[in-house]
Amino acid sequence: MKNLKMAVCILALGISSLALANTGTITINGKIYNETCILSGSSNANGTKNIVVNLPTISSSSFTASERVSGKQDFNLSLTKTDGTTACYTAGGLGASLAPVVTLSTSSSGDYNATEPTALVNKAPTKSTTNPVFVQILAKSNSAGAGTLVDYSNTSTQAKATYDSASNKFYYSAQYYAGTGTIIPEAQNVNAVITYNITYP
2 MKNLKMAVCI LALGISSLAL ANTGTITING KIYNETCILS GSSNANGTKN IVVNLPTISS
62 SSFTASERVS GKQDFNLSLT KTDGTTACYT AGGLGASLAP VVTLSTSSSG DYNATEPTAL
122 VNKAPTKSTT NPVFVQILAK SNSAGAGTLV DYSNTSTQAK ATYDSASNKF YYSAQYYAGT
182 GTIIPEAQNV NAVITYNITY P
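Going by my numbering, the sequence shown opens with residue 2, and the numbers climb by one from there.
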């Protein structure tokens, strides 16, 4: 009888431990990413990875006390593989939630006007310091849109071009800007350089 009682106790302990067993979860994380993509110029933009946009040559008289922008140039950028010719994505292959985002930035805060962070400072060797001109870039939602000025002081909230997956393009415009006030820019070469960064959701 003593042995029987002991066996029952041992059996009861075994059942108890099974009933109190803990449960947990298994989480599996992963990500699929595309090969490294770059921007390549098309429609008024030239180059692969490093893009060049040439604004039209204009005269100082294009500006007045009330007309502060001139020489607006639309341009398109395509998302390509490093060869510059092959699209990174097939047409229509990405939904809006998966679309890449292009952020524009400068090397330092000195590359844009402190009081007008949408105005890129002219860095050409022959720039004018007394009657300067600036460069502005507008990010567009589509090819026909007017665009919104890109603000370089806050890259997280700046206007960004919408990726057109059907055409594999980002749409932008660039223009000369005379700044606030009434100063008329004098004759000078114009040069501004920005950096782009492509991120994916």
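The beta carbon of each residue, even a glycine, is placed where N, CA and C say it ideally should be.
Report all residues from its chain with a CB closer than 6 Å to the CB of residue i; omit the five preceding and five following residues, and keep chain order.
i: T163; result: S142
i: D75; result: S174
i: M7; result: Since pLDDT at M7 reaches only 43, below the 50 mark, its modelled position is unreliable, and no value is offered.
i: S106; result: T156, T196
i: Y153; result: T107, Y113, P118
i: P202; result: L99
i: I29; result: none
Let me check understanding here. Comparing Cα to Cα, which of the options lies closest to residue i?
i: V54; options: S44, S62, S60; result: S44
i: T200; options: T58, D165, A100, A66; result: A100
i: A115; options: T181, D84, N51, L40; result: T181
i: N198; options: P186, N47, P133, T37; result: T37
i: S144; options: E68, S110, D165; result: D165
Counting only beta-carbon atoms, is residue i nearer than 8 Å to chain C?
i: N198; result: Of the protein chains in this structure there is only one, and it is not chain C.
In chain order, what residues of the same chain lie with their CB nearer than 8 Å to the CB of residue i, ignoring the 5 residues before and after it?
i: S63; result: S71, G72, Y177
i: I11; result: A caution first: I11 carries a pLDDT of 45, below 50, which makes its placement in the model unreliable, though a value can still be read off. Taken in chain order, the list of residues that qualify is empty.
i: P57; result: G72, Q74
i: K50; result: I39, L40, S41, T83, G85
So residue i is in the beta strand (DSSP E); what residue range does that whole segment cover?
i: I1; result: The displayed coordinates of the chain run from 2 to 202. Any statement about residue 1 would go beyond what the structure contains.
i: D75; result: 70-81
i: T104; result: 102-106
i: Y197; result: 196-200
Excluding the 5 residues preceding and the 5 following residue i in the sequence, name in chain order all residues of the same chain whose CB lies nearer than 7 Å to its CB.
i: K161; result: V102, V103, T104, A140
i: T183; result: A66
i: I52; result: L40, G42, A46, L78
Notebook entry, point to check: Quick one: any contact between the segment 125-143 and the segment 185-199, if contact means 3 or more CB pairs under 8 Å?
Noted result: yes
Item checked: Within the segment 110-193, ranges of the beta strand (DSSP E) (whole runs, at least 3 residues) -> 135-140, 171-178
Check: In chain order, which continuous runs of the beta strand (DSSP E) of length 3 or greater are located wholly inside the segment 30-56?
Finding: 39-43
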